[in-house]
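**Student:** So the sequence shown is numbered by the working numbering: it starts at 87 and just counts up by one.
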Amino acid sequence: MMNKIKTVALTTLTLLAFVGTLKAQTDAGCVTSECHAEIGTKEFVHGPVGATICTVCHVKQGGKDHKFKLYLEKEELCLACHEAKRDMMLEEHLHTPLVEGNCVGCHDPHQSDHRYTLKGRAADLCFQCHDRAKFTDEHVHGPVAEGDCNICHNPHASPYEQQLVDPPDQICYRCHAEKIEEMQKRHVHPPAAEKCINCHDPHAGPEKSMLGQLMPDLCFGCHGEVGIEDVPHPPVAQGQCESCHDPHSSDNPRLFLKPGTELCFSCHTDLGQYVADQSYLHGPVKQGDCNACHDPHGSDHSRILKKFFPKEFYMPYQTENYALCFECHNKTVALDPKTKKLTDFRDGERNLHFVHVNKDPKGRSCRSCHQVHATDQHKHIRRSVPFGSMAWDLPVKYTKLEDGGRCEVGCHAVKEYHR
């Protein structure tokens, strides 16, 4: 009896040993020189492959055929080990391969020469789906040029559009931190405040700043009403909006690069120097508001004036001819031959504005006597005025009196007026 028990025990142990040997041979056999010899030879090897535990993912089918099926379907197989990634599936924006459960679209499940067992260099891998031509313009964003798509994009999922790693209005500050302070200025360009890609292509563009369009077409996409006038401001005509405006932010109104007349005089230097040398400045100039009379983009009138103003020295008087001046000044100033209130330029009750201006055909322009920017004489009276085809500078000397003034001019004898 004892011998029989010993025989059965020995047989059982032998069978168990054979089964164990067979299992070991089955696991080891996946990566022998006879089968799948290349598996496990690259720099980055998937954990189960490195441990030669193929059955973590693969299940052998019954029968003698060398056939296997996956232990679980699609992403569930990967998530069985990569459980921490499961929460990503709840994000609002998922990468298309993740939506399709196609992890192996990007990752090799066995091994790779690239980190994370990616099937290729990151950018090359992305270009298998994303058209490379869109990223090869003349000026390419640094991360794109280096193939570092993941600097901006999460390859799996994100709560932000385009799977960005940060909110659209914040992501650029990761590298362009100097712009954070700029965005604290008093006036911020709305597209810049919203997100940089409103103007910049985040991948590549035809201009150095990777603008989505060439200037000024980019600006005209929103500001379509600019640049259609008969007399455009030269910077507008040349597409140089940034000559006057900061495209991101400014402490000056309208995103001006400099305050008030300082901006205009940075180009109109002769006028700036002239104004600086004068004692009496026209109100808008004194307030730094060139825009009161001029449209900084363009106009249908000469000198980019906001309203019509005659070029001629003489012109039949019509109130509408001086609509620009009458935006601020009393438009009835030259209508009545006698007055006690309309103007200080009167001799008793005789309205001298009426005398000089309200004539047909030789009514004189406001500019015949007044310098529109600045002068060193009271009442903005100019020192001289170009006259006639010979471009004679007709002299003008004005002296302010206690109750009126004295005019010494080239067009008539010295005269005084007293109120």
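By construction, the Cβ of each residue, glycine as well, lies at the ideal position given by its N, Cα and C atoms.
Measuring straight from C-alpha to C-alpha, what distance separates His286 and His331?
**Tutor:** 17 angstroms
**Student:** Using a threshold of 7 angstroms, is the CB atom of Gly474 nearer than that to any non-hydrogen atom of the ligand PLP?
**Tutor:** The ligand PLP is not part of this structure, which contains no ligands at all.
**Student:** With C-beta atoms as the reference, is Tyr403 less than 8 angstroms away from Lys445?
**Tutor:** yes
**Student:** Please report the distance separating the alpha-carbon of Lys448 from that of Asp386.
**Tutor:** 25 angstroms
**Student:** Which same chain residues end up closer than 7 angstroms to Cys452 when comparing Cβ atoms and leaving out the 5 residues on each side of it in sequence?
**Tutor:** Tyr408, Cys411
**Student:** In the DSSP output, what is Gly228 paired with across the bridge?
**Tutor:** Partner(s): none; Gly228 has no beta bridge.
**Student:** Quick check: the region 202-209 against the region 229-242, are there 3 or more CB pairs under 8 angstroms?
**Tutor:** yes
**Student:** Mind pulling the beta strand (DSSP E) runs of 3 or more residues that sit fully within the region 187-211?
**Tutor:** none
**Student:** Please work out which residues of its chain come closer than 7 angstroms, Cβ to Cβ, to Tyr259, disregarding the five sequence neighbours upstream and downstream, and give them in chain order.
**Tutor:** Lys265, Ile266
**Student:** Can you tell me the Cβ-Cβ gap for Ser335 and Val274, rounded? I've got them flagged as a contact below 8 angstroms.
**Tutor:** 4 angstroms
**Student:** Could you tell me which whole beta strand (DSSP E) segments of length 3 or greater appear in the region 214-272?
**Tutor:** none
**Student:** Can you grab the Cα-Cα spacing for the pair Gln256 / His368, in whole Å?
**Tutor:** 45 angstroms
**Student:** Going by the CB atoms, is the gap between His200 and Met296 shorter than 8 angstroms?
**Tutor:** no
**Student:** Out of Met476, His464, Gly384, state which residue places its alpha-carbon closest to the alpha-carbon of Glu315.
**Tutor:** Gly384
**Student:** Take Ile283 as the anchor and find which of Lys271, Arg272, Leu304, Gln270 has the nearest alpha-carbon.
**Tutor:** Leu304
**Student:** Within the same chain, show all residues whose beta-carbon is closer than 8 angstroms to that of Tyr202, passing over the 5 residues directly before and after it, in chain order.
**Tutor:** Answer for Tyr202: Phe130, His193, listed in chain order.
**Student:** Report the rounded CA-to-CA distance for Val482 versus Pro292, giving the unit in angstroms.
**Tutor:** 56 angstroms
**Student:** Among Pro333, His309, Pro302, which has the Cα closest to the Cα of Pro321?
**Tutor:** Pro302
**Student:** Roughly how far, in whole angstroms, is the beta-carbon of His456 from the beta-carbon of Lys486, given that I think they are within contact range, below 8 angstroms?
**Tutor:** The pair is not a contact, with the Cβ atoms about 14 angstroms apart (cut-off 8 angstroms).
**Student:** Can you check DSSP and say which residues form a bridge with Asn437?
**Tutor:** BP columns for Asn437 point to Arg432.
**Student:** Following the continuous beta strand (DSSP E) through Val471, name the residue where it begins and the one where it ends.
**Tutor:** 470-473
**Student:** Tell me where the alpha helix (DSSP H) around Cys305 begins and ends.
**Tutor:** 303-306
**Student:** How would you write the range of the alpha helix (DSSP H) that Leu158 sits in, first residue to last?
**Tutor:** No alpha helix (DSSP H) holds Leu158; DSSP gives it neither H nor E.
**Student:** By the three-class DSSP mapping on this structure, what secondary structure does Arg505 have?
**Tutor:** coil
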